[in-house]
Structure formats: structure tokens, C-alpha cells
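Residue numbers (the working numbering): 14 to 434.
Every residue gets a Cβ at the ideal spot worked out from N, C-alpha and C, and that includes glycine.
Since we're looking at a predicted model, the values are computed, not measured.
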Amino acid sequence: MALIKSISGIRGTVGGKSGDNLTPEDSVLFTAAYATWLKSTHKDTKHVVVIGRDARISGPMISQLVIQTLIASGIDVIDLGLSTTPTVEIAVTDFKAHGGIIITASHNPKEWNALKLLNQHGEFISAIDGEMILDIAQKRDMEYADIDSLGTVKSVRNGYIEEHIDKILALPLVNTKRIQEAHFTIAVDAVNSTGGIAIPLLLDKLGVKHVHKLYCEPNGQFPHNPEPLPAHLTDLSEMVVKNNCDLGIAVDPDVDRLAMVCEDGSIFGEEYTLVAVADFVLNHNPGNTVSNLSSTRALRDISEERGVKYEPAAVGEVNVVKKMKEIGAVIGGEGNGGVIYPALHYGRDAMVGIALFLTHLANKKIPASALRDSYPAYVISKNKIELNPNTPLDRIFEEMASLYRNHPINTEDGLRIEFKH
């Protein structure tokens, strides 16, 4: 059991003791702290916050706690209900809200849930703002509304997903005619969360008429580990081959990460999701690019081939977005299948990634496996090592940097050493 408090929100396992897990008390405490911070930041007489959630079993319970706490804080709530992380982000700006809370633990198992906090731009709050909210929560320095100033709640049908899709279809680079003419047959694994609502609807509006659904019932019963990694996509691979599909699409529970399976059942590779989309975008709109430091060199290499600037960013979506704004990037994201396309919004968005990828594939008129093989091969191994507080990490980094001093080294976020292959 765990409760993790960070600058972007809180996440933890549901149940157990308060302060050690994500309990009702913790949900109320951090929502109230966020509400207090929001009101101190925006001096308007009335404040509005957008709420949305994935399909986790604990979602309805935590959602009600969050909504009622915001109402008690004098904040009006726009409740999207079952939605996606990128949809909530877009809704914040569309409704001109002061912020948003997404109730999702992303790719974590079903016993986890979280509150992800957004600012008025529909982007994750900054480190400075996050520290302020944590301080308010620690001091329990919250302020609630009097009886005549309580907030209200308004529910939005269909999680605002159709409006999100319409914005994607309106993008100049998304070519529904080409996609329709390609006559794609596609399988979808939505891990029984809100991607089961959003992705089939998106594909239908893109002109894909043959869709095979796998785990698309948004009931929160994840049939396998919800992180879209190759080891968890075996069922999707089998469905793709069995039904002669052109592509398999997998998303995580809140639909901000995208992974794909090729027509032969092989994995396209989450590191190649951003590469393929960026390749397409740069072909039509050359410009700067950004990815985080836990990604391969792939995006950098295709950027340099086109003579555009590539910049790495520290791990964390907020850091990638900040760097993208600094250099005016036209595409960016994370090597875990997170595509950020600023022409739509500054947030990882599997749905816009799908639309751009399918347009690219339709233009190329080649199988997905051939598209993947057209890119250089990159290898990345992601392992987690548990350290204790006494581990001399700085000294270890210094020794490693000295040992590999003849290789490119980046110390912006930990230690990154690059090797030629």
C-alpha cells in the first residue's frame, strides 16, 4: 500500500490508513488544498474547475469526493464523467475554466488511483505551484465557502470526447479521405477503460469501417497489466493476425499513451510511435522537436536529417511542454508512446497520435511493419533500481561520467550516456 505526494498531484493505492494510502480523507485534503491555491491565484469572484476520470473501479467514489469538496470550496464544477486525460485538458481551455482535476492513475494497476492537477491552460501545474499546494495541504490551511457561496456542478454528456475528436478532424494534417480510401481493418485494445469509448468513435469518424474491439468495455476490470508494453499486448497481436488486420492499437487507461501492433502481429514499438508521427509532421511542417531524456536518439536523428533543431527535456510531461514552448517545437513527446502536438494542445494525446499515424500510413501505402523497418533500429532497456538514502548517487554519477568521458553525456536529469550502434 502506498501514497505518493508530488508536485503534479497525489497517487496511491485505494484503502488502508489515511496518510499512507489514497483514502477519502486524503482525496478531500488535497482537493481542498488545490481549491485554496486556485482561489488565491485567480482573484475572480467565481471559479470553475473541469473534472474527468478514467474507468477505474474507484473512480466514481473519488470523483464524488473531489466534486463535493470543490463545491464546498465555492468552486463551480464541470463534470465530464468518463473521459480521457487529453480530453479534460482540452475542455479546461474550451470552457475557460481556472483549472482541472483528472482522476486517473494512468498505466498503474487497478488498485491505484490519483488526482492529476491542471492549470488554466489545461496543462499540468508547475513545480512551484505544486509545492504551494503541498504546503497548503501539510499546514491544512484550507478555506471553505459560506452557505451562500457554495459551488455548483454541471454534467457534460459523452465526456466531451466527441468535441475532442471534432478538433482532431479539423487539423490540416489529418486526412480522413486518405484514411477512408485505405480501407484499414484495425483491432483496438482499450484495457477496459475510457479508450473503449474514445478510440472506436475516433476510428469511425476517421473513416475506418472495420474495427475489432478487444477489452473495450469501460468497467475498470483491467484484463492485463494496463501499461501498453510488448509483454502485455499478446492478446492484441493474436487478434490482429487472426482477423487479418492492418494494425492493432493499444492505449493506457487514460488514453495519453499509444502503442501499436503491425499486421504480422509484431510490435511496432512504443519508441517508434513518436518517431513515425514526427516523421509525418516534419514532412509537411518542418520545425523544432523535443523528447524527454528517457527516449532513444530516434527523434533527434530524424530532426537533424531535416536540418531542424532537436532539444532533450527532463523526464515529466511538464518539462517536455516547457521545452517545446521555449524552442517553438512543432512536435514532441515521450518515448513511451506519448505524442504532444501543439497544433491541438500541449499534452500527450493518443487520439491525435492515431489520426496523424493513420494519415501517414495511408499516404505511404505500405504495411505498418514496412513503415517501422524504414526507420533505423534503436535499442533501449528500461530498468528500475531501488536505492537507499545512503547510496552515494552523486559520486556514482561522477565516476560513470569520468569512465565514459569520450561519449556524449547529459546531466540535466540524472546521467545519460550515449553510445553509437
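Can you say whether residue i is buried or exposed, counting buried as having 16 or more other CB atoms within 10 angstroms of its CB?
i, result
"Ala-263", "buried"
"Leu-5", "Nothing in the structure corresponds to residue 5, since the chain is present only between 14 and 434."
"His-373", "buried"
"Ser-76", "buried"
"Asp-362", "buried"
"Ile-379", "exposed"
"Val-90", "buried"
"Asp-259", "buried"
"Leu-131", "buried"
"Ser-168", "exposed"
Which one of the options has the shortest CA to CA distance from residue i?
i, options, result
"Cys-351", "Gly-282, Asp-107, Met-145 and Ser-21", "According to the sequence shown, residue 351 is Gly rather than Cys. Minimum Cα distance to Gly-351 is reached at Gly-282."
"Val-62", "Arg-310, Gly-87, Tyr-157 and Ile-430", "Gly-87"
"Ser-307", "Pro-122, Gly-427 and His-245", "Gly-427"
"His-223", "Pro-239, Ser-19, Val-201 and Pro-241", "Val-201"
"Asp-39", "Asn-296, Ser-53, Ala-15 and Leu-51", "Ala-15"
"Gly-72", "Ser-168, Asn-257, Val-294 and Pro-231", "Pro-231"
"Phe-235", "Thr-165, Leu-371 and His-120", "His-120"
"Leu-42", "Lys-30, Glu-176, Leu-147 and Ser-53", "Leu-147"
"Ala-140", "Lys-433, Val-328 and Lys-56", "Val-328"
"Val-65", "Pro-99, Pro-122 and Asn-423", "One point to set straight first is that residue 65 is Gly, not Val, in the sequence displayed. Selected option, being the one with the closest Cα: Pro-99."
Given residue i, which residues of its chain have a CB within under 6 Å of its CB, disregarding the five upstream and five downstream residues?
i, result
"Asp-67", "Thr-117, Ser-206, Thr-207, Pro-266 and Asp-267"
"Ser-316", "Thr-302 and Tyr-323"
"Thr-198", "His-223, Cys-258 and Asp-259"
"Tyr-359", "Glu-136 and Val-334"
"Asn-305", "Ala-326, Val-328, Val-333 and Glu-347"
Going by beta-carbon coordinates alone, are residue i and residue j separated by less than 8 Å?
i, j, result
"Ile-367", "Leu-215", "yes"
"Asn-403", "Val-343", "no"
"Ile-149", "Ser-21", "no"
"Ala-414", "Ile-192", "no"
"Gly-233", "Arg-429", "no"
"Leu-51", "His-134", "no"
"Val-321", "Pro-355", "no"
"Leu-369", "Leu-182", "no"
"Ala-272", "Pro-239", "no"
"Ile-84", "Val-166", "yes"
Which same chain residues, not among the five before or five after residue i, have their C-beta less than 7 Å away from its C-beta?
i, result
"Ser-382", "Cys-275, Glu-276, Asp-277 and Ser-279"
"Ala-211", "Thr-97, Ile-174, Val-268 and Met-364"
Counting only beta-carbon atoms, is residue i nearer than 8 Å to chain D?
i, result
"Leu-215", "The question asks about chain D, but that chain is absent: this structure has only one protein chain."
Ignore the nearest five residues each way along the sequence and tell me which others in residue i's own chain have a CB closer than 8 Å to its CB.
i, result
"Ile-178", "Ala-211, Leu-214, Leu-215, Lys-218 and Met-364"
"Ser-162", "Gly-87"
"Ile-340", "Asn-301, Val-303, Lys-322 and Glu-324"
"Leu-295", "Thr-302, Ile-315, Ser-316, Arg-319, Val-321, Val-343 and Ile-344"
Compute the minimum distance between the beta carbon of residue i and the heavy atoms of the ligand NAP, and state whether it is under 7 Å.
i, result
"Asn-232", "Absent from the structure shown: the ligand NAP. Ligands present: none."
Between the region 114–128 and the region 22–36, can you find at least three pairs of beta-carbon atoms closer than 8 Å? The count of Cβ pairs closer than 8 Å, one atom from the region 22–36 and one from the region 114–128, reaches three, so the stretches are in contact.
* Asked: Any contact of the region 388–408 with the region 269–288, i.e. 3+ C-beta pairs under 8 Å?
  -> yes
Does the region 35–54 come into contact with the region 143–160, if we say contact requires no fewer than three beta-carbon pairs (one atom in each stretch) closer than 8 Å? Touching, yes, given that three or more Cβ pairs across the two stretches are closer than 8 Å.
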